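Before any comments, here is the structure.
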Amino acid sequence: MREYRGFRIEPFEGVNVGYAPARHNKAKRTLTPRTRKVSGYLLCYPDGGEKFVATLREAREYIDRYCGD
């Protein structure tokens, strides 16, 4: 975890479900959602709330734009 201008920046790894059309399982007659691994950084606002970004550089640029220089 890192702190930058009052924001917490935490590494994040997880799974994104349903990013593409679901596959049809003919044997079970169900739809199976497709998944993919995602990793990046989670920005935690000082007043609550979160935002996901892909890189640490992108996180710092977003915070600088949000706070102003």
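Position one of the sequence shown corresponds to residue 1064 (our numbering), numbered consecutively onward.
Cβ coordinates follow ideal geometry from the N, Cα and C atoms, glycine included.
These numbers were taken from a predicted model, which means no experiment stands behind them.
What residues are listed by DSSP as bridge partners for Pro1074? Start at 1 with the first residue of the sequence shown, and residue 1074 comes out as number 11. DSSP output for Pro1074 lists Tyr1104 as bridge partner(s).
Looking at the unbroken alpha helix (DSSP H) that takes in Arg1128, where does it start and where does it end? To locate residue 1128, count along the sequence shown from 1; it is residue 65. Residues 1119–1130.
Which residue from Asn1079, Glu1076, Ala1122 puts its Cα closest to that of Cys1107? Mapped onto the sequence shown, residue 1107 falls at position 44. Comparing Cα positions, the closest option is Ala1122.
As assigned by DSSP and simplified to three states, the class of Arg1068: The sequence position of residue 1068 within the sequence shown is 5, counting from 1. Looking at Arg1068 - three-state DSSP - the assignment turns out to be coil, as it is neither helix nor strand.
Between the CA atoms of Pro1074 and Leu1067 - distance to the nearest angstrom: Translated into positions along the sequence shown, residue 1067 becomes position 4. Translated into positions along the sequence shown, residue 1074 becomes position 11. Rather than Leu, the amino acid found at residue 1067 in this sequence is Tyr. When rounded, the distance between both Cα atoms is 14 Å.
Who are the Cβ neighbours of Val1116 in its own chain at under 7 Å, not counting the five residues just before and after it? Here residue 1116 is taken as the residue at index 53 of the sequence shown, counted from 1. Hits under 7 Å: Gly1103, Tyr1104, Leu1106, Ala1122, Tyr1125.
Assuming Lys1100 contacts Val1078 under a Cβ cut-off of 8 Å, what Cβ separation, rounded to an integer in Å, is found between them? One-based indexing of the sequence shown puts residue 1100 at position 37. One-based indexing of the sequence shown puts residue 1078 at position 15. Their Cβ separation, rounded to whole angstroms, is 6 Å, which keeps Lys1100 and Val1078 in contact under 8 Å.
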